[in-house]
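Residue numbering for the sequence shown follows the working numbering, starting at 101 and increasing by one per position.
As structure tokens, the structure follows; a few thoughts come after it.
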Amino acid sequence: MRLGMKIQGILLLMLLAGNLWAQQADEHYRNWLEVAAADREFSRAATERGRTDAFLDVLAEGSVLFRDGPVDARSLYQRNQSLYSLDQLYWRDHYIDVSRAGDLGITVGPNRFTAIQPGQNGEEGQQTYSYLVNVWRKIDQRWQLLADMVVTVPGFLSMDVEPEYDYTLAVMEETAHPALTVNNTLESLAEADNTLGLSINFRGGQRAMIRFGLQNLRVYLPGMAPGVGMEAGSAAYGKYLDSRVTTINPVRIEHMGGFLADSKELGVTYGIMSTTNEGNSSGFRTNYLRVWRFSPVNEWKVAMEFLRPF
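Here it is as structure tokens:
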């Protein structure tokens, strides 16, 4: 009798655990859909109302864009309202990630820029293409933009894309259990940035990304198709750095900020990677934006890497 009661108790606990997991999975998917909707509305506003109004409506305090290094996004748009007011952006997401807590989201996909007025942004009517990554934070029940970066590519990109939740689930499977993430901090993210920089100098870009990247790694580099998966992503990263870094001087990582989800398994870092050539002449300089997930082996792993040289 006692054995039967114990078995019933175990089965009840398993049932409750299964129900809890299902509820968490449903909530995560709802948060994923929320981020998708926020980004889609942002794209619609940028097309219909113009770039300046759309950005000023969603930019969070302390948000960043990337020019010759990270800059304050709200200040940039407030100072240059007439310059950007008529330019149109239109993009579609092909990948979305969101934290367990539902407070931090990342969207990425092809972007089309149309210069409506002639000037430094291009000739009137000229269209250029890039990959656009947006980092979102849910603040006071509203998704606001924390960071935005474009990675330029030559030629044409199709806008006929749709994100698939299964790709996000694959990354979730490479993520640590919530019990392992409770002690993570922004400082640990900064340390991960610096450790990756040391690994690049010691191993080279490809091997560093193999060591510190997820199996479902995504890499977005100028002039190249996205590298999706460990093999393609690490190879593209190594090839790109090999072609740009033409000195034996070390690559320097200047970590300049980051964001951490309340659930502490998803984080973002940004800053500048650079080298100096012999004689201290100007060398390779690029903005980076890096998305991290905390792995079951108790260390941060790169989920996405974006570079924008200047």
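Cβ atoms here follow ideal geometry from the backbone N, Cα and C, with glycine treated the same way.
These numbers come from a predicted model, not from an experiment.
Counting along the chain, the unbroken alpha helix (DSSP H) around Q178 starts and ends at 173–179.
Rounded to the nearest whole angstrom, the CA to CA distance from L341 to V319 is 12 Å. For I353, DSSP records a beta bridge to M373. Shortest Cα-Cα distance from G383 to any of V391, E365, V345 involves V345.
Taking C-beta separations shorter than 6 Å and ignoring five residues to either side along the sequence, the partners of V328 in its chain run R318, following chain order. In terms of Cβ geometry, N316 and A403 form a close pair [threshold 9 Å]. Here DSSP, grouped into helix, strand and coil, assigns Q241 to coil. In this structure, the beta-carbon distance from D187 to G150 falls below 9 Å. Between L314 and S230, the C-beta spacing is not below 9 Å.
Within 10 angstroms of the beta-carbon of I239 lie fewer than 16 other beta-carbons, which makes it exposed.
If you look at D293, you'll find it in the alpha helix (DSSP H) that goes 286–303.
According to the DSSP assignment, A270 belongs to the alpha helix (DSSP H) that extends over 265–272. In the assembly as shown, E405 is a buried residue. Its beta-carbon has 16 or more other beta-carbons within 10 Å. In the structure shown, the three-state DSSP call for R212 is strand. Using a Cβ-Cβ distance cut-off of 8 Å, the stretch 358–369 and the stretch 169–182 are not in contact, since fewer than three pairs of beta carbons, one from each stretch, lie closer than that value. Within the same chain, and ignoring the five residues on either side of S163 in sequence, the residues whose Cβ sits closer than 7 Å to its Cβ are A173, R174, L245, L246, A247.
Out of Y370, T376, G323, V368, the CA that lies nearest to the CA of I348 is found in T376. Annotation: the continuous alpha helix (DSSP H) that includes G333 extends over 330–344. Looking from the CA of T214, the closest CA among L286, E148, S334 belongs to E148. The continuous beta strand (DSSP E) containing D197 extends over residues 195–198.
Taken atom to atom, the span from the alpha-carbon of T295 to that of V397 is near 16 Å. When the five nearest sequence neighbours on each side are left out, the beta carbons in the same chain lying within less than 6 Å of the beta carbon of L286 are those of G358, L360, in order along the chain. Around R352, the same chain offers S374 as residues with beta carbons nearer than 6 Å, after the five sequence neighbours per side are excluded. Distance between D293 and P170, taken at the CA atoms: about 16 Å. Here DSSP, grouped into helix, strand and coil, assigns Q315 to strand. A336 and W191 have their C-alpha atoms spaced approximately 24 Å apart. If you look at V402, you'll find it in the beta strand (DSSP E) that goes 400–409. A distance below 8 Å between beta-carbons, with the five flanking residues on each side excluded, links R212 to the following residues of its chain, in chain order: L189, Y190, W191, Q227, T228, Y229, L257, M259.
S299 and G305 have their C-alpha atoms roughly 8 Å apart. Only residues of its own chain outside the window of five on either side were considered, and among them none has a CB closer than 7 Å to the CB of A332. With a cutoff of 9 Å on beta-carbon distance, V158 and A138 are scored as near each other.
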